[in-house]
């Protein structure tokens, strides 16, 4: 089971990083190119050169551009939202709601939501599973948990990693990252694992967020040691604990890294094309993998 953020300022001394002028508790190596105030990923707004703080953006560029040209943007070009954690809260709420439903209904509901290739296994005639046309299981399994420790670890990861990523990418890009990472993890599980092996949980999506966090931190020239240590620890657990679907973790991680790289490194003049093109390629790979595996099983 599946249970089976180049800085124009350059890197600074990690032990003497200033705090964001709006969030003093958040150390940052990035400064506004206009007023030079330190800004964290949530406050940095992409400009023609480097990043600007919200106050400088609100003051306007003085270039005579239309008002929309000065609207706040995230590092990935998304809109600055009043609540930078809204999508994270919604995703967390969906996971908790399904968990409560599972507790109330029991195995009957779990059996309808988990990711499984085909069930029952050969030599019986399969009636359920992705191979039998139930592709929805690739999505529903991402929001399904049975054990309290499982959903607790995943939701803590979603809250810690998701909030900063949502603020840095913007809502639409962040949601695409989450969903595609989860789908990629499910697709790899479907392709590699035994067809009758059931898998569930948000771990694929959470590993996608972890990979995206590493890409974002590298893009902002942050100290990479904490995220590398966290990634190494999680991979250790992935391959040493029993009952964990390592395929979901690896699939989500690879997809998250690929999508985040396209998001934060896309050239300004072709930003939307590169970003959504990267998402489309990942989705296409997922669909092809699922179709090929289904053909093998059927």
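Residue numbers (this note's numbering): 1 to 298.
Note that beta-carbon positions come from the ideal geometry of N, C-alpha and C, so glycine has one too.
Answer yes or no: do residue 176 and residue 252 have a C-beta to C-beta separation smaller than 7 Å?
-> Locating residue 176 in the chain shown gives position 176, counting from the first residue. Locating residue 252 in the chain shown gives position 252, counting from the first residue. No.
Of the residues 100, 261, 207 and 215, the one placed nearest residue 233, counting alpha carbons only = Translated into positions along the chain shown, residue 233 becomes position 233. Closest by alpha carbon: 207.
Any contact of the stretch 98-113 with the stretch 141-159, i.e. 3+ C-beta pairs under 8 Å?
-> Touching, yes.
May I ask you to verify whether the stretch 37-53 touches the stretch 75-85, counting CB pairs closer than 8 Å and requiring at least 3?
-> yes
According to DSSP, which residues form a beta bridge with residue 45?
-> The residue labelled residue 45 in the question sits at position 45 within the chain shown. Beta bridge pairing from DSSP links residue 45 with 52.
Does DSSP put residue 226 in a helix, in a strand, or in coil?
-> Residue mapping note: residue 226 aligns to position 226 of the chain shown, counting from 1. Judged by DSSP in its simplified three-state form, residue 226 adopts helix.
Buried or exposed by the 16-neighbour rule on C-beta atoms within 10 Å, applied to residue 199 | Walking along the chain shown from the start, residue 199 turns up at place 199. Counting Cβ neighbours within 10 Å, residue 199 comes out buried, since at least 16 surround it.
Quick one: what's residue 27 bridged to in DSSP?
-> Locating residue 27 in the chain shown gives position 27, where the first residue counts as 1. According to DSSP, residue 27 bridges with 19.
Residue 35, buried or exposed, once every other Cβ within 10 Å from all chains shown has been counted against 16 = As a working mapping, residue 35 is identified with position 35 in the chain shown. So residue 35 counts as exposed.
If you draw a straight line from the alpha carbon of residue 55 to that of residue 18, how long is it in whole angstroms?
-> Counting from 1 along the chain shown, the entry for residue 55 is found at position 55. Counting from 1 along the chain shown, the entry for residue 18 is found at position 18. Cα to Cα, residue 55 sits roughly 18 Å from residue 18.
Over what stretch of residues does the alpha helix (DSSP H) that includes residue 304 continue unbroken?
-> Only positions 1 to 298 of the chain appear in the structure, and residue 304 is not among them; the question remains open.
Closest by CA to residue 281, which one among 219, 244, 122 and 180?
-> The residue labelled residue 281 in the question sits at position 281 within the chain shown. When only C-alpha atoms are compared, the closest one is 180.
So is residue 217 buried or exposed if we call it buried at 16+ other beta carbons inside 10 Å?
-> The residue you call residue 217 lines up with position 217 of the chain shown. With 16 or more Cβ atoms within 10 Å of its Cβ, residue 217 is classed as buried.
Going by beta carbon distance, what residues of the same chain come within less than 7 Å of residue 213, once the five residues before and after it are set aside?
-> The residue you call residue 213 lines up with position 213 of the chain shown. Taken in chain order, the residues that qualify are 161, 165 and 227.
In terms of residues, what are the limits of the alpha helix (DSSP H) holding residue 198?
-> As a working note, residue 198 is residue 198 in the chain shown. Premise fails: residue 198 is in no alpha helix (DSSP H) and is neither H nor E.
List the residues that DSSP assigns as beta-bridge partners of residue 79.
-> Here residue 79 corresponds to residue number 79 of the chain shown, with the count starting at 1. DSSP, once it has assigned bridges, lists 73 as partnering residue 79.
Reduced DSSP category for residue 246 - H, G, I as helix; E, B as strand; rest coil | Within the chain shown, numbered from 1, the residue matching residue 246 stands at position 246. Reduced to three states, the DSSP call for residue 246 is helix.
Would you mind working out which of 190, 57, 201 and 231 sits nearest residue 154, comparing C-alpha positions?
-> Here residue 154 refers to the residue found at position 154 of the chain shown. Per the Cα distances, 201.
In terms of alpha-carbon separation, which member of 167, 33 and 40 lies closest to residue 24?
-> Residue numbering aside, residue 24 sits at position 24 when the chain shown is read from its first letter. Nearest option by C-alpha distance: 40.
Any beta-carbon of chain C closer than 7 Å to the one on residue 278?
-> Annotation note: the requested chain C is absent from the structure, which comprises a single protein chain.
Return the chain-ordered list of same chain residues with a C-beta closer than 6 Å to the C-beta of residue 137, the five sequence neighbours on each side being excluded.
-> Within the chain shown, numbered from 1, the residue matching residue 137 stands at position 137. Excluding residues within five positions, the ones whose Cβ falls inside 6 Å are 115 and 130.
Measure from the alpha carbon of residue 304 to the alpha carbon of each residue in 58, 283 and 97, then state which is nearest.
-> The requested residue 304 is not part of the displayed model; the chain covers only 1 to 298.
So, residue 215 versus residue 261, is the Cβ gap smaller than 7 Å?
-> One-based indexing of the chain shown puts residue 215 at position 215. One-based indexing of the chain shown puts residue 261 at position 261. Yes; because the gap between Cβ atoms is below 7 Å, this pair is in contact.
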